[in-house]
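> Anchor point for the sequence shown: position 112 equals 112 in my numbering, and the numbering is continuous, going up by one each time.
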Amino acid sequence: MEQIIAGQTDEELKKAYQEMLDGYMAHPEQGEWYAIWLMTGQDGVQVGDLCFKGRNEDGSVEIGYGIKDEFQGQGYATEAVRAAVDWALKQVGVLRVEAEAELDNTASQRVLAKCGFVPNGIIGEEGPRYERLQSQ
Numbered sequence: 001m002e003q004i005i006a007g008q009t010d011e012e013l014k015k016a017y018q019e020m021l022d023g024y025m026a027h028p029e030q031g032e033w034y035a036i037w038l039m040t041g042q043d044g045v046q047v048g049d050l051c052f053k054g055r056n057e058d059g060s061v062e063i064g065y066g067i068k069d070e071f072q073g074q075g076y077a078t079e080a081v082r083a084a085v086d087w088a089l090k091q092v093g094v095l096r097v098e099a100e101a102e103l104d105n106t107a108s109q110r111v112l113a114k115c116g117f118v119p120n121g122i123i124g125e126e127g128p129r130y131e132r133l134q135s136q
């Protein structure tokens, strides 16, 4: 993670990755909830990444993801989010997965809808919050 942070030029991503690293350092036994999961195409080229932002005591986990511009609109985010959410909801104690999408990021909102997320009425730092419950 330190190498990814050092090589990151986007300040928002650098900050987010540093928060994940700090979370891992505080909770190394929960490493999978602070890891950066790289998304690659069938040819092995990295198309984006995905992460969980820690595991909360209330049974929730938050997911974040991004696709490189040249690979957007090809279904990578939907496939990766669906797989990660399905995995997360099978983990002991996880009751729901949450995500945020900026108001003008309709592509991300569509990904969340395709993956069974619904708005929960809360506005977070990055925009409206969505959730997918374990029973969905």
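The beta carbon of each residue, even a glycine, is placed where N, CA and C say it ideally should be. Small disclaimer: the values here were computed from a predicted structure and weren't measured.
Note down, in chain order, each residue of its chain lying with its Cβ closer than 7 Å to the Cβ of Gly31, except the 5 sequence neighbours on either side.
So the list reads Tyr24, once near-sequence residues are dropped.
> What would DSSP say about Asp43, mapped onto helix, strand or coil?
Three-state DSSP puts Asp43 in coil, outside helix and strand.
> With Val111 as the anchor, note down where its alpha helix (DSSP H) starts and where it stops.
Element bounds for Val111: Thr106 to Lys114.
> For Cys115, which residues from the same chain have a beta carbon less than 7 Å from its beta carbon, with the 5 sequence-adjacent residues on both sides left out?
For Cys115, where only same-chain residues beyond five positions count, the Cβ hits under 7 Å are Thr78, Val81, Arg82, Val85 and Arg132.
> Taking the straight line between their C-alpha atoms, what separation do you get for Gly124 and Gln109?
Computed Cα separation, rounded: 14 Å.
> Spell out the partners DSSP gives Val61 in its beta bridges.
Note: Val61 sits in a beta bridge opposite Arg55 and Val97.
> Given a cut-off of 8 Å, decide if Val47 and Arg55 are closer than it, judged by their beta-carbon atoms.
No. Outside cutoff.
> Classify Gly31 as helix, strand or coil using the three-state DSSP reduction.
It is helical.
> State the start and end residues of the unbroken alpha helix (DSSP H) segment that holds Val118.
First-last for Val118: Val118 to Gly124, but that is the beta strand (DSSP E), not the alpha helix (DSSP H).
> Assuming Leu21 is part of the beta strand (DSSP E), what are its boundary residues?
That residue, Leu21, is in no beta strand (DSSP E); its alpha helix (DSSP H) goes Glu11 to Ala26.
> So Ala99 packs on Phe117, CB below 8 Å; how close in whole Å?
The Cβ separation is near 6 Å, so the contact holds.
> Excluding sequence positions up to five away, which residues of its chain have a Cβ less than 6 Å from the Cβ of Pro128?
Around Pro128: Pro119.
> Secondary structure at Glu102, three-state DSSP: helix, strand or coil?
Correct three-state label for Glu102: coil.
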